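Each residue of the sequence shown is one higher than the one before, counting from 1 in UniProt numbering. Glycine included, each C-beta is placed from N, C-alpha and C at the ideal position. Remember, predicted model here, so these are calculated numbers, not experimental data. What follows is a short report on a single structure.
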Amino acid sequence: MDKVKRDRSANFSLHEREILVSLVQKYHAVLENKQSDASTWKMKEAAWESIQNEFNARSGGIFRSTKTLKVKYEGLKRTVRKKSAACRSELYRTGGGKNTAPPLDNVEEQIKAMITLSADGLESIFDSDVLPQNQEDTIDVPKMEEFLRIPPLQMDTTEVVESEATQNQVVLLVTNEFEPLPPTTSAETVLETNILKVDNVNANVPKKTLFDELTQAKLELVQLQKDFLEAEINEKKKVWEFEENERKKEAEFKEKERKWKEEEYKLKLGNNFK
1 MDKVKRDRSA NFSLHEREIL VSLVQKYHAV LENKQSDAST WKMKEAAWES IQNEFNARSG
61 GIFRSTKTLK VKYEGLKRTV RKKSAACRSE LYRTGGGKNT APPLDNVEEQ IKAMITLSAD
121 GLESIFDSDV LPQNQEDTID VPKMEEFLRI PPLQMDTTEV VESEATQNQV VLLVTNEFEP
181 LPPTTSAETV LETNILKVDN VNANVPKKTL FDELTQAKLE LVQLQKDFLE AEINEKKKVW
241 EFEENERKKE AEFKEKERKW KEEEYKLKLG NNFK
């Protein structure tokens with residue numbers, strides 16, 4: 001049976017490739033839709049019809065059918081994937097030297113931007129598959145002038161003085177350096193207004209910090225695991241002892257049964273000789 005010879009059209013020029021890629025970018029959301037239902041296929045066919053009409057109107061050269069444009073676009077995508085794979089394989093080679101993989105041209109770069117996931121895949125962040133970053137991480141450090149523009153903080157200073165009456169009482173002397181005292185204020189009034197007595201300070205201090213509580217919880221968990229393992233070991237030991245006793249009993253029974261059969265056989269032999 002003779003094969004039907006396929007008519008081959010002229011090669012695409014660079015201008016035609018650029019027009020095709022620009023039109024594909026326009027209908028990219030429809031053409032690269034991964035759904036495969038009937039409505040999606042109809043939308044894709046309509047998009048390719050629009051691309052055919054716009055392409056032939058803009059190119060002004062050889063008429064390109066929808067089938068030809070599809071085949072060319074798929075061929076460009078295959079070329080981009082092959083070149084991207086070659087570039088990535090060059091990055092993993094050892095020994096240094098120049099990257100010998102063929103670079104992508106402008107049209108191929110535009111196609112790769114539309115199919116990045118299928119061309120490069122997901123970036124690995126583990127083990128030796130991590131690729132070096134092209135850009136260095138920079139940290140913005142504020143200049144000294146920015147620090148100089150920050151006004152000084154006005155904070156009240158607090159002095160802790162131990163009371164002479166009892167060790168459980170603490171006296172807090174609060175003074176404000178930025179607010180001058182009135183001229184009519186006496187020293188006794190200042191002490192009365194700025195001294196705070198706190199009783200039983202030790203009762204307010206938490207006995208256990210968060211770290212101590214976490215440590216205690218871990219110790220309790222370890223103890224529970226230890227108790228569980230010990231109980232499991234004891235249970236298995238009991239099961240093993242029970243099975244061992246059963247095996248011994250079975251062995252003893254078989255030994256007795258063997259002796260009985262042996263005696264019975266001897267009796268039969270004796271009766272036969274008589």
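Practice item. Taking the CB atoms as reference points, tell me whether K44 and L23 lie closer together than 9 angstroms. Key: No. Outside cutoff.
Point to revise | N- and C-terminal bounds of the alpha helix (DSSP H) containing K67 | key: 66-91
Practice item. Could you have a look at I62 and say whether DSSP puts it in helix, strand or coil? Key: Reduced to three states, the DSSP call for I62 is coil.
Review point. Which value, in whole angstroms, describes the spacing of the CA atoms of V174 and T209?
Key: The predicted position of V174 is uncertain, since its pLDDT is 42 and thus under 50; a value taken from the coordinates is nonetheless stated next. The alpha-carbon atoms of V174 and T209 are separated by roughly 28 angstroms.
Review point. Which word fits residue 307, buried or exposed, when buried means at least 16 other C-beta atoms lie within 10 angstroms of its C-beta?
Key: Examination of residue 307 is not possible in this model, given that the chain is present from 1 through 274 alone.
Exercise for review: For my contact list, L76 and Q52 are in at a C-beta cut-off of 8 angstroms; report their separation, rounded to the angstrom.
Suggested key: Not quite, the Cβ-Cβ distance comes to about 16 angstroms (not below 8 angstroms), so this is no contact.
Check your understanding: In whole angstroms, what is the alpha-carbon distance linking K197 and E213?
Key -> Unreliable positioning characterises K197 in this predicted model, as indicated by a pLDDT of 45, which lies under 50. The coordinate reading is nonetheless provided below. Computed Cα separation, rounded: 31 angstroms.
Review point. Looking at C-beta atoms only, is the number of pairs between the stretch 26-42 and the stretch 55-63 that lie closer than 8 angstroms three or more?
Key: no
Exercise for review: Just the C-alpha distance for E108 and V80, rounded to the nearest angstrom, thanks.
Suggested key: 6 angstroms
Point to revise | Candidates P102, K268, K249, of which the one nearest K82 by Cα | key: Measuring from the Cα of K82, the nearest candidate turns out to be P102.
**Study point:** Residue range of the alpha helix (DSSP H) that includes E32
**Key:** Where E32 is concerned, there is no enclosing alpha helix (DSSP H), given that its DSSP letter is neither H nor E.
Exercise for review: Kindly indicate the opening and closing residues of the alpha helix (DSSP H) around K259.
Suggested key: Under the DSSP assignment, K259 falls in the alpha helix (DSSP H) whose first and last residues are 210-273.
Review point. By how many angstroms is the C-alpha of V239 removed from the C-alpha of Q216?
Key: Looking at the two C-alpha atoms, the distance is approximately 35 angstroms.
Exercise for review: Could you tell me which of E232, I233, A85, Y73 sits nearest to E16, measuring between CA atoms?
Suggested key: Y73
Check your understanding: If you draw a straight line from the C-alpha of E262 to the C-alpha of E244, how long is it?
Key -> It is roughly 27 angstroms from the alpha-carbon of E262 to the alpha-carbon of E244.
Review point. Does the Cβ of F228 have 16 or more other Cβ atoms within 10 Å, making it buried, or fewer, making it exposed?
Key: exposed
Review point. Near A10, which residues of its chain fall below 6 angstroms by C-beta distance, leaving aside the five closest residues on each side in sequence?
Key: The beta carbon of A10 is closer than 6 angstroms to those of I62 in its chain, skipping five residues each way along the sequence.
Practice item. Give the secondary structure of F12 by DSSP, where H, G and I count as helix, E and B as strand, and everything else as coil. Key: Residue state for F12 is assigned as coil, using DSSP reduced to three classes.
Point to revise | Per-residue burial, F12 [other beta carbons within 10 Å of its own, 16 or more giving buried] | key: buried
Check your understanding: If you drop the 5 nearest sequence neighbours on each side, which residues of the same chain put their C-beta closer than 7 angstroms to that of F55?
Key -> I19, L20, L23, R64, L69
Check your understanding: Around the C-beta of K112, are 16 or more other C-beta atoms found within 10 angstroms, so that it is buried, or is it exposed?
Key -> buried
Review point. Any idea what DSSP makes of N168, helix, strand or coil?
Key: Because N168 sits at a pLDDT of 45, beneath the cut-off of 50, its placement in the model cannot be relied upon, and the following sentence gives the value as read from the coordinates. Three-state DSSP puts N168 in coil, outside helix and strand.
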